[in-house]
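A quick write-up on the structure given underneath.
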């Protein structure tokens with residue numbers, strides 16, 4: 140019977156080509172608009188590190204001013220001071236801990252023809268590479284002895300390796316930054332975590348840094364932060380003053396497995412806060428936080444507000460398109476009461492009539508869905524054209540299979556939902572009343 | 586009029602008309618709220634920054650030899666840039682309006698750490714700042730060359746003078762005329778006294794979405810560090826010509842220098858409002874497509890309605906109804922449906938707006954948007970129905986006799 144209904148549906152669609160095209164187009168446009176925004180939202184709110192997001196915790200301790208909370212309602216600062224960050228890293232109470240900040244370095248290629256260039260870099264402790272698991276092309280990161288020994292080692296991105304070393308395995312070679320030679324320990328492969336979860340302070344969708352070197356080296360060279368620095372109390376003079384200040388500018392992450400380790404670490408943080416209180420700091424009530432990756436992304440609201448507004452509008456947009464389809468289907472059924480009555484009079488049951496029209500609506504849904512995927516692609520190209528200047532957009536507008544299936548599925552479900560009422564009306568046609576008029 | 590019979594006829598076959606009315610209602614709700622967002626963004630983007638946007642550009646010079654004499658290098662650079670043909674003036678500063686990154690401080694009226702402070706954007710400048718930015722000094726005076734000093738902020742000192750924007754002094758003393766602020770002393774970091782010597786009409790901060798974007802202050806400070814930002818005002822018409830020349834001159838003067846982030850103020854404005862401008866484009870597109878779909882829906886439904894009533898139309902024509910009467914029937918029918926739609930739409934639009942005010946802090950809709958959207962959708966409906974209605978008038982009276 141199903142194949143017979145497919146055939147009937149096809150005849151019916153061919154009989155009203157313009158109307159059918161209108162319905163398919165309405166569904167396709169609605170799906171296209173909706174899926175374009177859903178896709179952007181999906182990528183923005185995606186998990187940047189799915190295999191480790193549950194064991195990585197962002198650490199916050201409330202070192203802020205006695206007078207005001209860092210952020211209402213009574214939230215602790217989103218970064219840590221050097222004093223707290225270093226003390227917590229140094230204590231080593233978690234399985235692993237990464238303390239890092241964004242800064243800048245001037246790369247001086249040995250090749251005399253190439254002018255030196257400035258680059259965003261990350262000063263970090265060595266656990267960065269084991270915790271955040273960036274893919275290595277050559278070599279690897281560094282261990283704690285390099286952190287403690289202020290060893291000038293560096294991990295560089297694939298791009299920088301191509302630029303400075305012509306893409307060869309450069310591990311063990313020397314990279315000159317600001318006049319100082321650094322030994323390359325590893326080269327990263329292309330790495331594009333979306334969002335850049337380990338530091339969302341300066342645009343959560345920025346590209347990751349191009350070089351990574353030990354925090355201790357950056358501190359010894361007095362490299363100031365290129366990211367946000369906030370102070371509730373002015374720093375005392377000089378670099379030493381900056382390090383001993385209440386200014387927050389570093390990000391601290393720890394790796395903890397399971398609830399008991401988390402509880403234990405939390406207890407450690409609370410004890411640390413109490414010890415600082417005893418030393419005359421931490422004037423606010425103890426308010427420490429541990430958030431895993433996805434909790435932290437949620438907390439920081441990395442998905443832009445505009446995207447949420449657009450998502451709401453896109454859903455309403457789809458509703459309009461569906462209302463359109465329902466109206467047109469109703470009109471179609473109203474015109475076909477004669478046919479329906481005839482089938483019913485010849486013995487077709489209500490459920491048979493229902494199946495026939497639902498199959499027809501399903502066909503329109505599939506067509507709308509397929510076309511809708513095309514529309515989504517067009518929509519994403521449009522977004523790329525519009526936002527092309529921002530380099531992360533290219534990554535935002537990539538379509539993957541789940542999204543394509545979701546688009547087709549949504550189209551079919553929408554078309555069926557739209558068809559329910561008209562089809563129900565079709566089944567209720569009284570054969571006798573209509574046949575009279577034939 | 587024929588409204589009575591048309592309405593009764595509509596009521597006999599409600600479902601499809603209710604749907605089209607619903608569609609009109611949702612379309613209107615989206616339209617009104619989208620236009621509301623567009624208006625809000627457009628108002629924000631239209632705010633002047635207070636500086637001479639047409640002729641200003643800036644660049645960063647980074648001297649990476651840690652042992653270089655930064656102060657001497659900067660003094661030499663400023664001299665060379667100011668004397669460059671086509672350049673009107675130049676200063677060393679930390680930021681420019683709308684840049685996105687800058688320096689902010691809290692100002693208090695008393696040296697008391699428990700007092701609430703007012704946030705302000707800080708721009709470093711010398712006596713050429715007013716001329717370089719093209720600011721309009723409303724009251725007081727400019728800095729004297731002798732008041733501008735090399736300053737190390739790590740030393741925790743703070744220059745004792747400032748020129749503030751009118752918006753800033755009005756925020757500090759809301760009940761007084763702004764001129765009264767001249768000569769008054771306020772405090773930075775709760776402790777460092779700063780005296781207001783001048784008041785400018787306007788200079789926006791670096792962050793366009795900050796509620797205090799109009800609150801800025803100039804401080805007479807030169808900072809000798811490895812990274813310096815030069816803000817340069819070209820003579821009218823010379824900006825594009827001078828930009829690459831200055832870059833080349835700076836690069837040629839030192840081997841240990843990198844010049845980057847060279848941008849015009851116009852570009853800075855575009856970048857600053859980039860997301861807003863894109864949102865406006867997207868929303869305009871959404872509203873246009875949506876209106877088109879609703880229009881097409883009306884065309885589709887009206888065509889059906891005409892086709893279904895061919896016999897009825899024929900009968901009416903045979904009984905003496907003129908063509909204009911038939912046309913009027915369908916136009917009026919559509920008008921009635923649209924009216925139900927736009928009245929419902931007004932309610933939905935206001936409800937959505939109330940929610941958006943709550944959830945996203947959006948502004949309330951301007952009252953005139955509702956009648957304007959109503960009129961637009963009425964018009965769209967009438968245009969959409971015109972084609973099918975005209976076809977209805979072509980139905981020959983003979984049809985009525987033929988198949989009944």
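Residue numbers (this note's numbering), protein chains in the order written: chain Y, 140 to 577; chain X, 586 to 989. Glycine included, each C-beta is placed from N, C-alpha and C at the ideal position.
Distance check for residue j and residue i, CA to CA, integer angstroms please.
i                      : j                      : result
residue 671 of chain X : residue 830 of chain X : 10 Å
residue 989 of chain X : residue 983 of chain X : Reliability of the predicted coordinates at residue 989 of chain X is poor, the pLDDT of 43 falling under 50, and the value obtained from them is presented with this limitation in mind. Taking the straight line from one Cα to the other gives about 11 Å.
residue 570 of chain Y : residue 140 of chain Y : 22 Å
residue 780 of chain X : residue 771 of chain X : 6 Å
residue 568 of chain Y : residue 611 of chain X : 30 Å
residue 577 of chain Y : residue 477 of chain Y : With a pLDDT of 47 at residue 577 of chain Y, under the threshold of 50, the modelled position of that residue is not reliable, and no figure is offered here.
residue 215 of chain Y : residue 523 of chain Y : 37 Å
residue 812 of chain X : residue 520 of chain Y : 39 Å
residue 928 of chain X : residue 617 of chain X : 13 Å
residue 758 of chain X : residue 705 of chain X : 14 Å
residue 254 of chain Y : residue 398 of chain Y : 52 Å
residue 814 of chain X : residue 300 of chain Y : 30 Å
residue 457 of chain Y : residue 372 of chain Y : 51 Å
residue 867 of chain X : residue 404 of chain Y : 47 Å
residue 644 of chain X : residue 218 of chain Y : 30 Å
Tell me the DSSP secondary structure of residue i in three-state form.
i                       : result
residue 781 of chain X  : strand
residue 904 of chain X  : coil
residue 159 of chain Y  : helix
residue 810 of chain X  : coil
residue 949 of chain X  : coil
residue 456 of chain Y  : helix
residue 267 of chain Y  : helix
residue 218 of chain Y  : coil
residue 344 of chain Y  : coil
residue 351 of chain Y  : strand
residue 838 of chain X  : helix
residue 1020 of chain X : Since the displayed chain X opens at 586 and closes at 989, residue 1020 of chain X lies outside it and no answer follows.
residue 174 of chain Y  : helix
residue 480 of chain Y  : helix
residue 845 of chain X  : strand
residue 674 of chain X  : strand
residue 920 of chain X  : helix
residue 475 of chain Y  : coil
residue 560 of chain Y  : helix
residue 359 of chain Y  : helix
residue 468 of chain Y  : helix
In chain X, what lies closer than 7 Å to residue i by C-beta?
i                      : result
residue 460 of chain Y : 878
Determine the chain Y residues that contact residue i at a beta-carbon separation under 7 Å, and present them in chain order.
i                      : result
residue 860 of chain X : 445
How would you list, in chain order, the residues of chain Y whose beta-carbon sits under 9 Å from the beta-carbon of residue i?
i                      : result
residue 893 of chain X : 470, 473 and 474
residue 747 of chain X : Correct list: empty, because the minimum Cβ distance to chain Y is about 17 Å.
residue 736 of chain X : By Cβ distance, chain Y contributes nothing, its closest Cβ being about 12 Å from residue 736 of chain X, past 9 Å.
residue 629 of chain X : Here the premise fails: no neighbours, minimum Cβ distance about 13 Å.
Sort out for me which residues DSSP pairs residue i with in a bridge.
i                      : result
residue 392 of chain Y : Y/197 and Y/237
residue 495 of chain Y : Answer is none; residue 495 of chain Y lacks a bridge partner.
residue 430 of chain Y : Y/197
residue 243 of chain Y : Y/259
residue 410 of chain Y : Answer is none; residue 410 of chain Y lacks a bridge partner.
residue 546 of chain Y : Per DSSP, none; premise fails for residue 546 of chain Y.
residue 319 of chain Y : Y/316
residue 295 of chain Y : Y/326 and Y/350
residue 722 of chain X : X/785
residue 890 of chain X : None; residue 890 of chain X has no bridge partner.
Report the neighbours of residue i on chain X: residues whose CB is nearer than 8 Å to its CB, in chain order.
i                      : result
residue 256 of chain Y : 843
residue 525 of chain Y : 863, 866 and 867
residue 465 of chain Y : 604
residue 317 of chain Y : 649 and 651
residue 165 of chain Y : 878, 881 and 882
residue 559 of chain Y : Residues of chain X passing the Cβ test: none, with the nearest at roughly 13 Å.
residue 352 of chain Y : Correct list: empty, because the minimum Cβ distance to chain X is about 16 Å.
Name the chain X residues whose beta carbon is nearer than 9 Å to that of residue i?
i                      : result
residue 158 of chain Y : 885, 888 and 889
Residue ranges of each alpha helix (DSSP H) run of no fewer than 4 residues wholly in the region 733-804 of chain X, ordered along the chain? Qualifying alpha helix (DSSP H) stretches, in chain order: 751-757.
Kindly provide the ranges of any beta strand (DSSP E) runs that are 3 or more residues long and lie completely inside the region 601-670 of chain X, ordered along the chain. Within the region 601-670 of chain X, the runs of beta strand (DSSP E) that reach at least 3 residues and sit entirely inside it are, in chain order, 641-648.
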